[in-house]
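K.L.:
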Amino acid sequence: MLARRTILTGLAAALLAGCQTAVQTASPVAIGAIRVDTGPLAAKGKSATAAAIRPMLERELASLRSAARHSATLHVTVTGLYLTSYAGGQSATLGNDTLESEAVLVGTGGRELARYPVMSIMAPSFSGAWYLPDINQRRIDALVANNAQWIRQALGR
């Protein structure tokens, strides 16, 4: 019995080790400028939200800038935002809030160094009480902060 349990435990550990995924990170590159484009989001009819997200994401990513002479530019394009219907307890559509973006690191001379598609997914309840008047703004704030964190992680920062 002990040998069978040992074998099964070893097999389970080996399977779990094989199932782990690693986040691919780039070697740190000096970033001199950050450009955020929310045009694709505005084109989907969310121009006011797109205009609000742009400075928020720029502020979240500002710490990535360095003063190096030969530095890259980080272009972040926000491509989608979805806030599910939410009325407390659970979402009406049983979905999550999402913010989609793509971060492209462009080196000197315009050469693309790396491209990172990012999708932030959060439960609508993450941002607090659904009945407060600013709930949607808090949900967007949380998605932007989460998206910036994933971009930083992809860049190895």
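Heads up: the sequence shown is residues -22 to -1, 1 to 135, going by mature numbering (1 follows the signal peptide of the UniProt record, and there is no 0). Every residue, glycine too, gets a C-beta built ideally from N, C-alpha and C.
The alpha helix (DSSP H) spanning ASP119 covers which residue range?
P.N.:
Note, ASP119: alpha helix (DSSP H), 113 to 132.
K.L.:
Rounded to whole angstroms, what is the Cα-Cα separation between GLY106 and TYR60?
P.N.:
So the alpha carbons of these two residues sit roughly 17 Å apart.
K.L.:
Does the beta-carbon of ALA70 have 16 or more other beta-carbons within 10 angstroms, so that it is buried, or is it exposed?
P.N.:
Only weak support is given to the placement of ALA70: the predicted model assigns it a pLDDT of 49, under 50, and the value that follows is read from those uncertain coordinates. The residue is exposed, with fewer than 16 neighbouring Cβ atoms inside 10 Å.
K.L.:
What does a CB cutoff of less than 7 Å around MET97 pick up in its chain, not counting 5 residues either side in sequence?
P.N.:
The answer, listed in chain order, is THR76, GLU78.
K.L.:
Would you kindly report the start and end of the unbroken beta strand (DSSP E) that includes PRO95?
P.N.:
It spans 90 to 100 - the beta strand (DSSP E) in which PRO95 sits, taken as one unbroken run.
K.L.:
Our contact map puts ILE99 next to ASN74 with C-beta atoms below 8 Å; I'd like the distance itself, whole angstroms only.
P.N.:
Going by Cβ atoms, the distance from ILE99 to ASN74 rounds to 5 Å, so yes, they are a contact pair.
K.L.:
In terms of residues, what are the limits of the beta strand (DSSP E) holding ALA11?
P.N.:
Here the beta strand (DSSP E) through ALA11 covers 9 to 15.
K.L.:
Please confirm whether THR55 and PRO18 have their CB atoms less than 8 Å apart.
P.N.:
Yes. Within cutoff.
K.L.:
Could you give the distance in angstroms between the alpha-carbon of LEU91 and the alpha-carbon of VAL14?
P.N.:
For LEU91 and VAL14, the distance between alpha carbons rounds to 17 Å.
K.L.:
Could you compute how far the alpha carbon of residue 141 sits from the alpha carbon of LYS22?
P.N.:
Only positions -22 to 135 of the chain appear in the structure, and residue 141 is not among them; the question remains open.
K.L.:
Just checking my contact of VAL82 with HIS53 at CB under 8 Å: how many whole Å lie between their CB atoms?
P.N.:
About 5 Å separates the two Cβ atoms, so the contact holds.
K.L.:
In this structure, does DSSP put ALA81 in helix, strand or coil?
P.N.:
ALA81 falls in the strand class under three-state DSSP.
K.L.:
Provide the residue(s) that pair with ALA50 in DSSP beta bridges, ordered along the chain.
P.N.:
ILE9.
K.L.:
Is it right to say LEU35 is buried, meaning 16 or more other beta carbons lie within 10 angstroms of its own, or is it exposed?
P.N.:
Label assigned to LEU35: buried.
K.L.:
Using the three-state DSSP reduction, which class does ARG32 fall into: helix, strand or coil?
P.N.:
Helix.
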